[in-house]
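Sequential numbering from 33 applies to the sequence shown in the working numbering.
Using N, Cα and C, we set each Cβ at its ideal position, and we do this for glycine too.
What follows is a short report on a single structure.
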Amino acid sequence: MNKCIIFYFYYSFKNLFIKVFLNIYLKIKLKLKPMEIIHKLENSREQQGYTQKNYEKYSKHIRNLLRFFKKENKITTLPVECELFLAKSLSTNQNKLKRKYLKKLMELCSQFKENELGMSSYFKGMGYYLREEYNEAIGSFVQCRSFFVNYKLFLKEIDNLLDLCADKFQVVSLRPVKSKAYWNDIELQFETEEEKNEFFKFQRKEIKGKGFDVSLKNFILKTHFKKENLINLIKKDNTEKLRSIKEKAKQLFLTVKEFSFFLEKNYVSSEHVNSLYKESQGLFHFFKNLEERKNGNLQVEKDIYDFKTPESFKEVDNFFDKLKHTIEFDSKEVKKKFMDYLQKSITVEPSQINLPFLPVLYDLAYDFIEYEVNTKQQGGISKLISKFSSSFSLKK
Numbered sequence: 033m034n035k036c037i038i039f040y041f042y043y044s045f046k047n048l049f050i051k052v053f054l055n056i057y058l059k060i061k062l063k064l065k066p067m068e069i070i071h072k073l074e075n076s077r078e079q080q081g082y083t084q085k086n087y088e089k090y091s092k093h094i095r096n097l098l099r100f101f102k103k104e105n106k107i108t109t110l111p112v113e114c115e116l117f118l119a120k121s122l123s124t125n126q127n128k129l130k131r132k133y134l135k136k137l138m139e140l141c142s143q144f145k146e147n148e149l150g151m152s153s154y155f156k157g158m159g160y161y162l163r164e165e166y167n168e169a170i171g172s173f174v175q176c177r178s179f180f181v182n183y184k185l186f187l188k189e190i191d192n193l194l195d196l197c198a199d200k201f202q203v204v205s206l207r208p209v210k211s212k213a214y215w216n217d218i219e220l221q222f223e224t225e226e227e228k229n230e231f232f233k234f235q236r237k238e239i240k241g242k243g244f245d246v247s248l249k250n251f252i253l254k255t256h257f258k259k260e261n262l263i264n265l266i267k268k269d270n271t272e273k274l275r276s277i278k279e280k281a282k283q284l285f286l287t288v289k290e291f292s293f294f295l296e297k298n299y300v301s302s303e304h305v306n307s308l309y310k311e312s313q314g315l316f317h318f319f320k321n322l323e324e325r326k327n328g329n330l331q332v333e334k335d336i337y338d339f340k341t342p343e344s345f346k347e348v349d350n351f352f353d354k355l356k357h358t359i360e361f362d363s364k365e366v367k368k369k370f371m372d373y374l375q376k377s378i379t380v381e382p383s384q385i386n387l388p389f390l391p392v393l394y395d396l397a398y399d400f401i402e403y404e405v406n407t408k409q410q411g412g413i414s415k416l417i418s419k420f421s422s423s424f425s426l427k428k
């Protein structure tokens, strides 16, 4: 009996310990870091109506999101609560309700910890701006701007509000001047030096967002990586991969072609892109000619030997010289082409006689004309014609 009681308490304590441990573990595991929360809010803003100024839809979404995080630590729910009251104040037209929501927003801002001053300053700045306290709003936005450097939607909103605040006081905007840099002869603009340095490391393959600047940077990244992939494949010095190299050259050519159209459409001129377009086009045709020569088309031989390595590909110049003098043929393709040519040359085509067009005549005047029979002997074509008509008179 005593053993049973001991085992009962043992297993009960064991199960309780497991539940408590799992609960603590899951809380730690599911707990979001401040940066992760900002990322989630940014995605929500883009997809749930905030950027489209559909604040009613957005506040409903944030309310549901808040319920999801309710069981988490206060550090998790606090930014979401601030976002909810901000969305509510933007969605209502009643001044009394707006003041109530903004008051609650400002109270929540005081609860952020010291290492979360960026989020606190942002929500304070929004509260000040909506209460038309523009001096305080400018101070808060300037203080939190560097915190949101990697979050494009928040950064764009802060910069726009700084411009609007400057317009209110008719002064120069406090928005920092964008950092400029050049990719060859194309000018690019970046929000910060860090963003500029990160871009030119060419570690990211795509930049998220919309607008001309984002599209321009994405075309540059796409062109860079297409060219890099082609050069890396050429450096392997494997002539057996000629088809793969030709395909990479084609992809580069099509990418630069699309890039060139994009620049032309937006009235941007670039000698570098125009030059790269011609070079990639010549490169693609060179590999295409090599493939045709391999299949037995010797008519492209002159084009192959006349090809000069483009300036952008001088580092792999030896490979092009090697390809020019390495003549390989696909015996099956060459044999097929030779047999087709031989068959065509020895085939006798049947002779044809082309007859002129002979019209069909209908005698519509038969009911009105009486033909007289000519009894004279006529030969040749005259005899044939006389059978139809030699002389005629109108019928009575």
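Sorry if obvious, but does the Cβ on residue i come closer than 6 Å to a heavy atom of the ligand MN?
| i | result |
| --- | --- |
| residue 211 | For the structure depicted, the ligand MN is absent and the ligand set is empty, with no information on it obtainable. |
Per the DSSP calculation, residue i is bridged to which residue(s)?
| i | result |
| --- | --- |
| residue 331 | Per DSSP, none; premise fails for residue 331. |
| residue 221 | 212 |
In whole angstroms, what separates the C-alpha of residue i from that of residue j?
| i | j | result |
| --- | --- | --- |
| residue 86 | residue 155 | 19 Å |
| residue 257 | residue 234 | 8 Å |
| residue 74 | residue 185 | 7 Å |
| residue 182 | residue 354 | 47 Å |
| residue 215 | residue 303 | 12 Å |
| residue 320 | residue 283 | 13 Å |
| residue 168 | residue 211 | 27 Å |
| residue 295 | residue 120 | 42 Å |
| residue 279 | residue 336 | 18 Å |
| residue 325 | residue 293 | 32 Å |
| residue 130 | residue 164 | 12 Å |
| residue 346 | residue 317 | 17 Å |
| residue 299 | residue 252 | 17 Å |
| residue 276 | residue 102 | 54 Å |
| residue 202 | residue 123 | 28 Å |
| residue 191 | residue 166 | 14 Å |
| residue 274 | residue 332 | 16 Å |
| residue 72 | residue 327 | 56 Å |
| residue 114 | residue 144 | 11 Å |
| residue 358 | residue 260 | 25 Å |
| residue 334 | residue 323 | 14 Å |
| residue 232 | residue 255 | 13 Å |
| residue 329 | residue 356 | 14 Å |
| residue 179 | residue 146 | 13 Å |
| residue 82 | residue 340 | 55 Å |
| residue 84 | residue 132 | 24 Å |
| residue 162 | residue 88 | 17 Å |
| residue 301 | residue 177 | 33 Å |
| residue 90 | residue 348 | 55 Å |
| residue 376 | residue 236 | 56 Å |
| residue 148 | residue 67 | 10 Å |
| residue 309 | residue 379 | 46 Å |
| residue 307 | residue 281 | 15 Å |
| residue 262 | residue 285 | 11 Å |
| residue 62 | residue 77 | Residue confidence for residue 62 is low, a pLDDT of 46 falling below 50, so the modelled location carries little weight; the figure read from the coordinates is stated next. Roughly 22 Å separates the two Cα atoms. |
| residue 344 | residue 305 | 11 Å |
| residue 100 | residue 226 | 35 Å |
| residue 126 | residue 213 | 47 Å |
| residue 338 | residue 270 | 22 Å |
| residue 128 | residue 94 | 22 Å |
| residue 59 | residue 80 | Because residue 59 sits at a pLDDT of 44, beneath the cut-off of 50, its placement in the model cannot be relied upon, and the point is left open. |
| residue 92 | residue 109 | 16 Å |
| residue 208 | residue 342 | 41 Å |
| residue 151 | residue 224 | 19 Å |
Am I right that residue i and residue j are in contact with their C-beta atoms under 8 Å? What's the rounded C-beta distance?
| i | j | result |
| --- | --- | --- |
| residue 98 | residue 118 | Between residue 118 and residue 98 the Cβ distance is about 13 Å, and since that is not below 8 Å, they are no contact. |
| residue 238 | residue 229 | Their Cβ separation, rounded to whole angstroms, is 18 Å, which puts residue 238 and residue 229 out of contact at 8 Å. |
| residue 173 | residue 196 | At roughly 10 Å, the Cβ-Cβ gap does not stay under 8 Å, so residue 173 and residue 196 are not in contact. |
| residue 142 | residue 175 | That pair is no contact at about 15 Å. |
| residue 206 | residue 198 | 7 Å |
| residue 170 | residue 111 | Between residue 111 and residue 170 the Cβ distance is about 22 Å, and since that is not below 8 Å, they are no contact. |
Practice task
Would you check if there are 3 or more beta carbon pairs closer than 8 Å linking the stretch 236 to 252 to the stretch 219 to 228?
Solution key: yes
Problem - Those runs of the beta strand (DSSP E) which lie wholly inside the stretch 136 to 218 and span at least 3 residues - result: Restricted to the stretch 136 to 218, the beta strand (DSSP E) segments that are unbroken, complete and at least 3 residues in length are 211 to 215, listed in chain order.
Practice task
Check whether the stretch 306 to 313 touches the stretch 277 to 293, taking contact to mean three or more Cβ pairs, one atom from each stretch, closer than 8 Å.
Solution key: Counting C-beta pairs closer than 8 Å gives three or more between the stretch 306 to 313 and the stretch 277 to 293, which meets the contact rule.
Handout entry: Touch test, the stretch 156 to 175 against the stretch 125 to 138, Cβ-Cβ under 8 Å, three pairs minimum
Key = yes
Practice task
Answer yes if the stretch 264 to 273 comes into contact with the stretch 336 to 356, meaning at least three C-beta pairs across the two stretches below 8 Å, and no otherwise.
Solution key: Yes, they touch.
Problem - Every unbroken alpha helix (DSSP H) inside the stretch 242 to 276 [4 residues or more] - result: Qualifying alpha helix (DSSP H) stretches, in chain order: 244 to 267.
Exercise for the section: Go through the stretch 78 to 127 residue by residue and report every complete run of the alpha helix (DSSP H) that reaches 4 residues or more, in order. Expected result: 87 to 101, 106 to 123
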